[in-house]
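Chemist: This is the structure I have questions about; it appears just below.
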Amino acid sequence: MKKLLAMAVAASALAVAAPASAQAWQSINQRQRNLDARIDAGVRSGQLTRAEAYRLRREYGQIAALEARYRRNGLTIAERRDLDRRFDYLSRQIQAERHDWDRRRG
152 MKKLLAMAVA ASALAVAAPA SAQAWQSINQ RQRNLDARID AGVRSGQLTR
202 AEAYRLRREY GQIAALEARY RRNGLTIAER RDLDRRFDYL SRQIQAERHD
252 WDRRRG
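Numbering (our numbering), first residue to last: 152 to 257.
Take a look at the structure:
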């Protein structure tokens with residue numbers, strides 16, 4: 152009986168943990184769409200100045216070009232990690248710029 156109970160608890164723990172870990176991962180294309188949408192939303196709301204948006208879009212474009220270069224020969228795990236690291240950094244920059252209280256004049 153104890154063995155059956157332990158197996159049931161372990162199975163339920165795995166069932167709960169699996170969806171949470173699956174939701175954390177995003178495809179490269181999905182991450183790019185999300186980052187682009189966050190920049191657009193920041194411009195529309197006035198949280199990003201033109202200069203901030205320009206700089207963030209330029210960095211976004213550089214990452215997109217790097218991703219295209221990586222994909223030409225097939226994306227390795229190391230290249231995927233590099234892109235993830237760069238996307239994470241850009242995401243933090245967007246967050247910081249949107250909440251730094253710089254506002255467009257107008």
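We put the CB at the ideal spot given by N, CA and C, even for glycine.
Using the Cα positions of residue 252 and residue 198, report the straight-line distance between them to the nearest angstrom.
Modeler: As a position in the sequence shown, residue 252 is number 101, starting the count at 1. As a position in the sequence shown, residue 198 is number 47, starting the count at 1. Each residue's alpha carbon lies about 7 angstroms from the other.
Chemist: State the CB to CB distance for the pair residue 241 and residue 218, rounded to an integer number of angstroms; the pair is presumed to be in contact (CB under 8 angstroms).
Modeler: Position 90 of the sequence shown holds residue 241. Position 67 of the sequence shown holds residue 218. Actually they are not in contact, since the Cβ atoms of residue 241 and residue 218 sit about 12 angstroms apart, beyond 8 angstroms.
Chemist: Suppose you measure from the CA of residue 239 to the CA of residue 216; what does that come to, to the nearest Å?
Modeler: Within the sequence shown, residue 239 is the residue found at index 88, counting from 1. Within the sequence shown, residue 216 is the residue found at index 65, counting from 1. Each residue's CA atom was taken as its position, placing residue 239 and residue 216 some 17 angstroms apart.
Chemist: Given residue 208, which residues of its chain have a CB within under 7 angstroms of its CB, disregarding the five upstream and five downstream residues?
Modeler: Working through the sequence shown from its first residue, we reach residue 208 at position 57. If the five residues before and after residue 208 are omitted, its C-beta is found closer than 7 angstroms to the C-beta atoms of 190, all from its own chain and listed in chain order.
Chemist: What is the DSSP secondary structure of residue 241, reduced to helix, strand or coil?
Modeler: Along the sequence shown, one-based indexing puts residue 241 at 90. Reduced to three states, the DSSP call for residue 241 is helix.
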